[in-house]
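Q: Mind looking over this structure? Questions follow.
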Amino acid sequence: MNNSHTLARGTEPFDKTYSLGYQVNHEDWSPFPRVNRLRETFLDRPYEIDVERLRLVTESYQKHETCSRKLKCAYAFENVLLNTSLYIYDDDLILGEIAAPAKASPIYPEFSVNWIIDEILHSPFEERPHDQFYIRNEKERQEILTLCEWWKGKTIDDMVNVRLDEDQTKGSEVGEKIFQTNLYHYAGAGHLAIDYAKLMKVGYIGLIEEANARLAKLSKRDPEYGEKRDFYQAMIIMHEAARSYIKRYAELAEELAEKEKDEQRKEELEQVATNCYQLVLGAPQTFWQALQLFNIATTLIQVESNGHSISYGRMDQWLYPFYEADIKKGTLTKEFALELLEVEYVKMNNPTKLKDKGSMALRNGRGFGGESLTIGGVDRNGRDATNDLTMLMLEGSAHTRMMNPWVCVRMHENTPYELRVKATECIRAGYGHPKLFNDAPAIKAMMRKGMPLEEARDYCVVGCVEISLPGKEYGWHDAAYVNTPKMMEMVVNGGRSLNTGKQLGPDTGSLDTYQTFEDVLDSVDQQFEYWTDQMCSSLNVIDTIHRELKPLPYVSAFFEECLESGKDLTEGGAKYNGTGPQASGMATCADSLSTIKQLVFEEKRCTGTELLQAVKDNWENHEILYALVNSSKVHHYGNDDDFADELFNFMFECYCKHVSGRKNVRGGEFSPGVYSVNANVAMGMNTNASVDGRKKGEAISDNMGPVHTDAGSHDIKGPTALVNSLAKVDHSLATNGTLMNLRFPQEAVAGIEGRDNLISFIDAYMSKNPMHVQFNIMSSETMRAAQKNPEKYRDMLVRVAGYSAYFVELGKPLQKDLIQRTELRF
Numbered sequence: 004m005n006n007s008h009t010l011a012r013g014t015e016p017f018d019k020t021y022s023l024g025y026q027v028n029h030e031d032w033s034p035f036p037r038v039n040r041l042r043e044t045f046l047d048r049p050y051e052i053d054v055e056r057l058r059l060v061t062e063s064y065q066k067h068e069t070c071s072r073k074l075k076c077a078y079a080f081e082n083v084l085l086n087t088s089l090y091i092y093d094d095d096l097i098l099g100e101i102a103a104p105a106k107a108s109p110i111y112p113e114f115s116v117n118w119i120i121d122e123i124l125h126s127p128f129e130e131r132p133h134d135q136f137y138i139r140n141e142k143e144r145q146e147i148l149t150l151c152e153w154w155k156g157k158t159i160d161d162m163v164n165v166r167l168d169e170d171q172t173k174g175s176e177v178g179e180k181i182f183q184t185n186l187y188h189y190a191g192a193g194h195l196a197i198d199y200a201k202l203m204k205v206g207y208i209g210l211i212e213e214a215n216a217r218l219a220k221l222s223k224r225d226p227e228y229g230e231k232r233d234f235y236q237a238m239i240i241m242h243e244a245a246r247s248y249i250k251r252y253a254e255l256a257e258e259l260a261e262k263e264k265d266e267q268r269k270e271e272l273e274q275v276a277t278n279c280y281q282l283v284l285g286a287p288q289t290f291w292q293a294l295q296l297f298n299i300a301t302t303l304i305q306v307e308s309n310g311h312s313i314s315y316g317r318m319d320q321w322l323y324p325f326y327e328a329d330i331k332k333g334t335l336t337k338e339f340a341l342e343l344l345e346v347e348y349v350k351m352n353n354p355t356k357l358k359d360k361g362s363m364a365l366r367n368g369r370g371f372g373g374e375s376l377t378i379g380g381v382d383r384n385g386r387d388a389t390n391d392l393t394m395l396m397l398e399g400s401a402h403t404r405m406m407n408p409w410v411c412v413r414m415h416e417n418t419p420y421e422l423r424v425k426a427t428e429c430i431r432a433g434y435g436h437p438k439l440f441n442d443a444p445a446i447k448a449m450m451r452k453g454m455p456l457e458e459a460r461d462y463c464v465v466g467c468v469e470i471s472l473p474g475k476e477y478g479w480h481d482a483a484y485v486n487t488p489k490m491m492e493m494v495v496n497g498g499r500s501l502n503t504g505k506q507l508g509p510d511t512g513s514l515d516t517y518q519t520f521e522d523v524l525d526s527v528d529q530q531f532e533y534w535t536d537q538m539c540s541s542l543n544v545i546d547t548i549h550r551e552l553k554p555l556p557y558v559s560a561f562f563e564e565c566l567e568s569g570k571d572l573t574e575g576g577a578k579y580n581g582t583g584p585q586a587s588g589m590a591t592c593a594d595s596l597s598t599i600k601q602l603v604f605e606e607k608r609c610t611g612t613e614l615l616q617a618v619k620d621n622w623e624n625h626e627i628l629y630a631l632v633n634s635s636k637v638h639h640y641g642n643d644d645d646f647a648d649e650l651f652n653f654m655f656e657c658y659c660k661h662v663s664g665r666k667n668v669r670g671g672e673f674s675p676g677v678y679s680v681n682a683n684v685a686m687g688m689n690t691n692a693s694v695d696g697r698k699k700g701e702a703i704s705d706n707m708g709p710v711h712t713d714a715g716s717h718d719i720k721g722p723t724a725l726v727n728s729l730a731k732v733d734h735s736l737a738t739n740g741t742l743m744n745l746r747f748p749q750e751a752v753a754g755i756e757g758r759d760n761l762i763s764f765i766d767a768y769m770s771k772n773p774m775h776v777q778f779n780i781m782s783s784e785t786m787r788a789a790q791k792n793p794e795k796y797r798d799m800l801v802r803v804a805g806y807s808a809y810f811v812e813l814g815k816p817l818q819k820d821l822i823q824r825t826e827l828r829f
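Numbering-wise, the numbering used here puts 323 at position 320 of the sequence shown, and it's gapless, one number per residue.
This is the structure in structure tokens:
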């Protein structure tokens, strides 16, 4: 699978410049007319809500009310695949949707329905300020309401609401929003990558045969016989349904081919049918068939559950044998391989997910989200793994420039120069892809989770920045967002809300009472321990309810240990079972501590009481102190200043310490992450003023980045100083990932000199061992122009955090946050 990098070539020179930032009225990006047509069709297609899955799943659950939970899931899945409408669009070369038309969202009543009913009646989806969804007609609107009514009291959401106690609830999204577990409270877990390599070797037939063999060997002396029997039976039902589903597509393609007048399209449809028939009978034999199986298998994971971030593993590695064989046989050209990849890239954007208005308040995106595709890195033996597909997948990304897939390039000290240049040229094109991951700290983090070195080297990215092991790890990544500035509010105000004075956490002291700075740090430690107790115990409750109500037999079959043990993923069947909540606003906390330490205890420029009062007053009538706190006269994280950076490191390690090693209900451990994605904006809207100079409602700091308040950015010494601050943290402690956003205006990276400066910067960055970095190559001026004339910039992608999104579709507060991020220059 590994190749010398001197053989790794795409269809274009590795140093081809695609563009410098976004271009208004640009020409078609792709060299393939088909891809440009598909891309334009996607952009023109409306976002709709589709009732079919809701109808078919409800029908099955009503019919099989007395079945075990695993068989209920299996029969519902089967009913969907045997009866859902199928769609083959013009120019399609790869078939399969998510039991709904392209860009139409199915409904998943197994998880939650109360918010759907409420929004249809009181906050219609089509009337949202952004991210609208459209119900096709009044008849379907009433049908959705009627079907959802049947599910009331039967969902994961309903069960969670009655099982969380008062202490857990008060800090959650329904209380003070100190931590938010709503992702898996209302929806599926997702955030995984399956063993695509095995699937490609054995196909659905091989998995069914293995399940039948293990079912036949079950002993009735096994006390778990009933559960294991149901698992294998459910898995067989679902995978047989997948075969029937593929056969339906083959028959439809044949039917369309018979009617087709255009000879080229007729041949394409005939080949598409042949590809599908092969997958019904066995494993894929060609590159095209492998891509077809990939698309079907992946979209069916989304049919089973609406968990997002179903990621694609190390696609340049598991797909390469098919590419290599076809190239050697002369049955595939490099150009057609690229065209197929680009067709699939556009198709990856079709699945959409209906989300509640709270999640969408700032524009959370209508896609499933987090479909990361990992390329590059080292192989299991530590050698560079770059191959032709590594380069082709970057070319496809530059040609299509869409939200998905989220291309992730793994880098290490021996990453070929050609790959470093090609990745940088894609970054310079300004569409937010790829994001870069550093093998050294990432592999170290995987080993902290108990994985041997060879396995750790095989990590991929799921979701935004979460590192995971394909087909072996069910990590419950992105399990909760933790608002650390809210915890800091408890530190400065005796465990009480600044708004109401209500006692929320333990009284561990306040700025009125602390005698030393060490007292403050001790209070931070106590508050973090208390609130992580509440959060982690809440997640264990939610995890248990998923096991009870929504097992996952279909996707569990793609995890070897699940097949061996007869245990579903929700029962701890994976080899590695984690739960990954992430901290947001670390720099807000660090700069708050720095302010307290410097101004109260060292320089005595103000008392703790005065500082607390300024925050309670939202800095009003405290203009001199407000200006001082936001000035360069106070130590701030992000300036290579040990005074502030040591406090950031304290916050980072404090959070990781209180999360790492806690046991979860699947027999695994909790795994801390430090990133916010875009939640820092929504969190800030619900957070009182903070000691770092933030006013109420302003965004808290994003991810691992520095503070930027309305008064200005706290990092003022340029990119090298910022990276030096970042590098003082041991990123491998955050075994669920870290995230770093950087922004350069277009002119800073212009020309060969600008490109080479960016490459050198990336090399230096990686040498300091942060885990991740991603770039916006876009000036504030460009973003403001898009705000004024959104119709001219409708396909302008920006890197928000772990994902890219169309800037003009973002909510104004999130647009503001992006514009306020520091523009860096070399």
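Positions of the beta carbon are idealized from the N, C-alpha and C atoms, including for glycine.
Note that the structure is a prediction, hence the values are computed from the model and not measured.
What are the start and end residues of each continuous alpha helix (DSSP H) run of 4 or more residues lying completely inside the region 113-174, in chain order?
A: As far as the region 113-174 is concerned, its whole alpha helix (DSSP H) runs of at least 4 residues are 117-125, 141-154, 159-166 and 169-173.
Q: Between the beta-carbon of Ser674 and the beta-carbon of Gly814, is there less than 8 Å?
A: No. Outside cutoff.
Q: Here's the rule: buried if 16 or more other CB atoms are within 10 angstroms of the residue's CB, otherwise exposed. What is Trp32?
A: Trp32 comes out buried.
Q: Is the Cβ-Cβ distance between Thr741 and Met707 less than 8 Å?
A: Going by C-beta atoms, Thr741 is nearer than 8 Å to Met707.
Q: Mark Ile755 as exposed unless 16 or more other C-beta atoms lie within 10 angstroms of its C-beta, in which case mark it buried.
A: Per the 10 Å Cβ criterion, exposed.
Q: Contact check, Leu572 vs Leu555 under 8 Å by CB: the rounded distance?
A: The pair is a contact, with the Cβ atoms about 5 Å apart (cut-off 8 Å).
Q: Counting only runs of 3+ residues fully inside the region 388-465, write out the beta strand (DSSP E) ranges in chain order.
A: Entirely contained in the region 388-465, the beta strand (DSSP E) runs reaching 3 residues are, in chain order, 409-414, 438-441 and 463-465.
Q: Tell me whether Gly379 sits in a helix, a strand or coil according to DSSP, three-state version.
A: In the structure shown, Gly379 sits in a strand (DSSP, three-state: E or B).
Q: Within 10 angstroms of the Cβ of Leu524, are there 16 or more other Cβ atoms? Answer buried if so, exposed if not.
A: Result: buried.
Q: For the region 204-215 against the region 372-392, are there 3 or more C-beta pairs whose distance is under 8 Å?
A: Too few Cβ pairs lie closer than 8 Å, so no.
Q: First and last residue of the alpha helix (DSSP H) that includes Phe45?
A: Its alpha helix (DSSP H) spans residues Pro36 to Asp47.
Q: Ser782 by DSSP, collapsed to three states: which one?
A: Coil, per DSSP.
Q: Quick check on DSSP: helix, strand or coil for Arg56?
A: DSSP places Arg56 in helix when its eight states are reduced to three.
Q: Just to confirm, are Thr591 and Ile703 a CB contact at a threshold of 8 Å?
A: For Thr591 and Ile703, yes; Cβs fall inside 8 Å.
Q: Are the CB atoms of His188 and Ser312 within a distance shorter than 8 Å?
A: No, the Cβ-Cβ distance between Ser312 and His188 is not below 8 Å.
Q: Tell me where the alpha helix (DSSP H) around Leu296 begins and ends.
A: Taken as a continuous stretch (DSSP letters only), the alpha helix (DSSP H) holding Leu296 covers Phe290 to Glu307.
Q: Can you check which of these residues, Asn691, Ala647 and Phe520, is closest to Asn502 by C-alpha distance?
A: Residue Asn691 is the option with its Cα nearest to Asn502.
Q: Identify which residue in Ala617, Asn28 and Met238 has its Cα closest to the Cα of Gly209.
A: The residue with the shortest Cα to Cα distance from Gly209 is Met238.
Q: Which ranges does the alpha helix (DSSP H) cover as unbroken runs of at least 4 residues, wholly within the region 215-263, from first to last along the chain?
A: Counting whole runs of 4 or more residues, the region 215-263 contains the alpha helix (DSSP H) stretches 228-262.
Q: With DSSP as the reference, identify every bridge partner of Leu729, one or two as the case may be.
A: In the DSSP output, where bridge partners are listed per residue, Leu729 has none listed.
Q: Would DSSP call Pro584 helix, strand or coil?
A: Strand, per DSSP.
Q: For a quick check, are the C-beta atoms of Ser679 and Gly588 less than 8 Å apart?
A: Closer than 8 Å, so yes.
Q: By the 10 Å Cβ neighbour count, where 16 or more other Cβ atoms means buried, how is Gly840 classified, buried or exposed?
A: Because the chain in this structure spans residues 4 to 829, residue 840 falls outside the shown range and cannot be described.
Q: Bridge partners for Tyr21 per DSSP, in chain order?
A: Partner(s): none; Tyr21 has no beta bridge.
Q: Please state whether DSSP places Ile627 in a helix, a strand or coil.
A: Correct three-state label for Ile627: helix.
Q: Taking the straight line between their C-alpha atoms, what separation do you get for Ala724 and Tyr21?
A: Ala724 and Tyr21: Cα-Cα distance of roughly 30 Å.
Q: If you drop the 5 nearest sequence neighbours on each side, which residues of the same chain put their C-beta closer than 7 Å to that of Gly435?
A: So the list reads Asn779, Leu800, Val801, Arg802 and Ser807, once near-sequence residues are dropped.
Q: Using CA atoms only, rank isn't needed, just tell me which of Gln292, Gly687 and Ile304 is closest to Asp329.
A: Ranking the options by Cα distance to Asp329, first place goes to Gln292.
Q: Is the beta carbon of Pro437 sitting closer than 8 Å to the one on Val468?
A: For Pro437 and Val468, no; Cβs fall outside 8 Å.
Q: What did DSSP end up calling Gln281 once you bin it into helix, strand or coil?
A: Reduced to three states, the DSSP call for Gln281 is helix.
Q: If I follow the unbroken beta strand (DSSP E) through Thr480, where does it start and stop?
A: Position check: residue 480 holds His in this sequence, whereas Thr was assumed. Where His480 is concerned, the enclosing beta strand (DSSP E) stretches over His480 to Asn486.
Q: Are the CB atoms of Glu243 and Ala260 within a distance shorter than 8 Å?
A: No, the Cβ-Cβ distance between Ala260 and Glu243 is not below 8 Å.
Q: According to DSSP, what are the bridge partners of His711?
A: Note: His711 sits in a beta bridge opposite Ser716.
Q: Secondary structure at Gln26, three-state DSSP: helix, strand or coil?
A: DSSP places Gln26 in coil when its eight states are reduced to three.
Q: Under a Cβ-count criterion, where at least 16 other Cβ atoms within 10 Å of its own Cβ denotes burial, should Ser728 be classed as buried or exposed?
A: Buried: at least 16 other Cβ atoms inside 10 Å.
Q: Rounded to the nearest angstrom, how far is the Cβ of Lys231 from that of Gly569, given a contact under 8 Å?
A: Confirmed, Cβ separation roughly 3 Å.
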